[in-house]
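Here's the structure we're looking at; comments come further down.
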Amino acid sequence: MSAILVTGTVAPPASAEPVPASASAGQETGLDREALRRSLDSVHEAGMYGAYSAVRDGGAKWLGAAGVADVRTRRPVHPRMVHRVGSITKTFTAVAILQQVGRGRVELDAPVARYLPGLLPDDLGRRTTVRMLLNHTSGIGDYVAGAFPSLVQASPQSLDEHRFRRISPPELVRFALEAPRTGEPGQVWSYSNANYVIAGLLLEKVTGTGAEAYITRHVIHAAGLRDTSFPRTPVIPGPHSKAYEALYGYIDPPRDYSVYDMSWASTAGAVVSTMEDLNRFYRELLGGGLLAPAQLAQMRTTVPVTDAEGNVVMNYGLGIYAQDLPCGRFWGHDGAVFGMGTVSLSSQDGGRQLSLGFNLMKYQRLDANGYPQPHAIDYAMGSHFMQALCGPSAATAKGSRPPVLLPTQQVLVKR
261 MSAILVTGTV APPASAEPVP ASASAGQETG LDREALRRSL DSVHEAGMYG
311 AYSAVRDGGA KWLGAAGVAD VRTRRPVHPR MVHRVGSITK TFTAVAILQQ
361 VGRGRVELDA PVARYLPGLL PDDLGRRTTV RMLLNHTSGI GDYVAGAFPS
411 LVQASPQSLD EHRFRRISPP ELVRFALEAP RTGEPGQVWS YSNANYVIAG
461 LLLEKVTGTG AEAYITRHVI HAAGLRDTSF PRTPVIPGPH SKAYEALYGY
511 IDPPRDYSVY DMSWASTAGA VVSTMEDLNR FYRELLGGGL LAPAQLAQMR
561 TTVPVTDAEG NVVMNYGLGI YAQDLPCGRF WGHDGAVFGM GTVSLSSQDG
611 GRQLSLGFNL MKYQRLDANG YPQPHAIDYA MGSHFMQALC GPSAATAKGS
661 RPPVLLPTQQ VLVKR
């Protein structure tokens, strides 16, 4: 396998987001709680071990859970479980950087070398800007294959060997620089965790504070989040599910990776949260509670990201992306770590929201070309996704393209 978690489809950059229609255009008002419950139950019935969901429409909210947190004991999941949210961490990190932009300590279009001289090779450091890190157009490769080399052979050996390994951000950057480049700075969009590890190092340099400590104080606490943190140990703090990784059938039965040293994910993916906290975070962010209007506008300046057929699956900004659904435009991010997946989306005004977490990853099988094939779970999650954000009529509208649930995790696995 050449990639497991992090390769994305490539698209040329654009300068700004398209102007959306009304944030809630086409949405049905109110929550059909029974339909939400049925659609989440269907996700479990389709084969997902456990899933939990938080949906909001204005002042109304619905919390639901279906399935089990532990396949051996059959302990059930519940809606307020703490969950590894993976790359949703990138939104938190981008907010922290943009706060520094607002204070005049960082310029988005300044070269990385201004803040971190010597971290990147001279020419690369001068041509790569802070903005390119945050919108994934730097061309810097990812570090996952370097940190977990057995994945290239479709083996979980390095996942098991490195459960308790501490790995430093500079070492992650070194792995990324040893990986093939995906393009010249500013040339193409290509998803890389390394961009956000470098952003974390930059944050530390300009604030004089550890990146995780700064984000905790100025983003997590500022948003009023009570169950969100960078864990200090390999154990998820608070009540949580196990995290089952199937690796496209190469781990059979799926193995639990809930106890794991997440230093490998750092400021790119180490945060844990609850689905309610994620909804609150994006509501605060989109409502202007964490960034000044100028910085929030920069955050929502996007580049288009397309799939293999040229369809735009999202428009990626600075640590946040937009997805256009039949009922309007939604902002947020998704995340995937070994054994846990998450998606969190909000309408532009924060009025309609969904955060969904689940505890079995890479449950699909691969075709002869290395593409994951759609599974019944994918269709069931798509139905819940559309029910939560658009209501039943949009979810069943003929001719509507199904949503891409984890657009940053689009992968091509070569064997």
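Using the working numbering, you'd call the opening residue of the sequence shown number 261 and step up by one each time. No residue lacks a Cβ here, since even glycine has one placed at the ideal position from N, Cα and C.
Just checking my contact of PRO494 with GLY460 at CB under 8 Å: how many whole Å lie between their CB atoms?
-> About 19 Å; that fails the 8 Å criterion.
Look up PHE618 in the DSSP assignment and give the residues it is bridged to.
-> ALA311, GLY601
8 Å Cβ shell around ARG441 - same chain, five flanking residues per side excluded = Within the same chain, ARG441 has close Cβ partners GLY399, ILE400, GLY401.
With C-beta atoms as the reference, is PRO336 less than 9 Å away from LEU323?
-> no
Reduced DSSP category for VAL361 - H, G, I as helix; E, B as strand; rest coil = helix
Among residues of its own chain, excluding the 5 on either side of ILE637, which ones have a beta-carbon nearer than 7 Å to its beta-carbon?
-> Within the same chain, ILE637 has close Cβ partners VAL303, ALA306, GLY307, MET308, TYR623.
Rounded to whole angstroms, what's the CA-CA distance from LEU300 to ASN453? Just pull it up for me.
-> Straight-line Cα distance between these residues: approximately 30 Å.
Beta-carbon spacing of TYR375, VAL361 below 9 Å = The answer is no: Cβ separation not under 9 Å.
Please state if the CB of SER347 and the CB of GLY595 are separated by a distance shorter than 9 Å.
-> Yes.
Going by beta carbon distance, what residues of the same chain come within less than 6 Å of ALA325, once the five residues before and after it are set aside?
-> TYR312, VAL337, HIS338, PRO339
Quick one: complete alpha helix (DSSP H) runs, 4+ long, within the stretch 355-415?
-> 372-375, 382-387, 390-394, 404-407
TYR456 to VAL433 span [Cα, whole Å] | 10 Å
Enumerate in chain order the residues of its own chain whose CB-to-CB distance from PRO663 is below 8 Å, with the five nearest sequence positions on each side excluded.
-> GLN583, LEU585, GLY642, PHE645, MET646
Using CA coordinates, which residue listed in LEU620, LEU507, THR562, GLN613 is at the minimum distance from GLY630?
-> That would be LEU507, whose Cα lies nearest to the Cα of GLY630.
Rounded to a whole number of angstroms, what is the C-alpha to C-alpha distance between GLY327 and ARG334?
-> Between GLY327 and ARG334, the alpha-carbon positions lie close to 8 Å from each other.
Report buried or exposed for GLN417, applying the criterion of at least 16 other Cβ atoms within 10 angstroms of its Cβ.
-> exposed
Who are the Cβ neighbours of GLY547 in its own chain at under 7 Å, not counting the five residues just before and after it?
-> Spatial neighbours of GLY547 in its own chain (CB-CB distance under 7 Å, excluding positions within 5 residues in sequence) are listed in chain order as GLY610.
Go ahead and pull the three-state DSSP assignment for LEU665.
-> In this structure, LEU665 counts as coil in the three-state DSSP scheme.
How long is the line joining the alpha carbons of GLY651 and GLY290, rounded to whole angstroms?
-> Distance between the alpha carbons of GLY651 and GLY290 is about 9 Å.
With MET535 as the anchor, note down where its alpha helix (DSSP H) starts and where it stops.
-> 535-546
Less than 9 Å separating the beta-carbons of VAL597 and MET621?
-> yes
Would you mind stating whether ILE427 and SER518 have Cβ atoms separated by less than 9 Å?
-> No, these two residues do not count as a Cβ contact at 9 Å.
Name the one or two DSSP bridge partners that PHE590 has.
-> GLN583, SER607
Same chain only: Cβ atoms within 7 Å of ARG293, ignoring 5 sequence neighbours per side | TRP322
Look up THR493 in the DSSP assignment and say whether it is helix, strand or coil.
-> coil
If we ignore side chains and look at the alpha-carbon of each, how far apart do ARG298 and ASP516 end up?
-> 27 Å
Could you give the DSSP three-state label for HIS644: helix, strand or coil?
-> helix
Give every residue of the same chain whose Cβ lies closer than 8 Å to the Cβ of TYR581, excluding the five residues on either side of it in the sequence, and list them in chain order.
-> THR562, VAL565, MET574, ASN575, TRP591, GLY592, HIS593, PRO667, THR668
Host beta strand (DSSP E) of LYS321 (start-end) | Counted as a single uninterrupted DSSP element, the beta strand (DSSP E) harbouring LYS321 occupies residues 320-327.
Just mark ALA320 as buried or exposed, buried being the case when its beta carbon has 16 or more other beta carbons within 10 Å.
-> exposed
For LEU626, which option in ALA557, GLY509, ARG540, ASN619 has the closest C-alpha, if you only look at C-alpha atoms?
-> GLY509
Beta carbon of PHE352 nearer than 9 Å to that of ILE458 | Against a cut-off of 9 Å, the Cβ pair of ILE458 and PHE352 comes out as no contact.
Could you say which of ARG612, LEU556, GLU569, GLY601 lies nearest to GLN359 if we only look at CA atoms?
-> Selected option, being the one with the closest Cα: LEU556.
Do VAL448 and THR397 have their CB atoms nearer than 9 Å?
-> yes
Would you mind sorting ILE264 into buried or exposed? The rule is 16 or more other CB atoms within 10 Å of its CB.
-> For ILE264, the predicted structure reports a pLDDT of 44, less than 50, and the residue's modelled location is therefore unreliable. A value from the coordinates is still provided. Label assigned to ILE264: buried.
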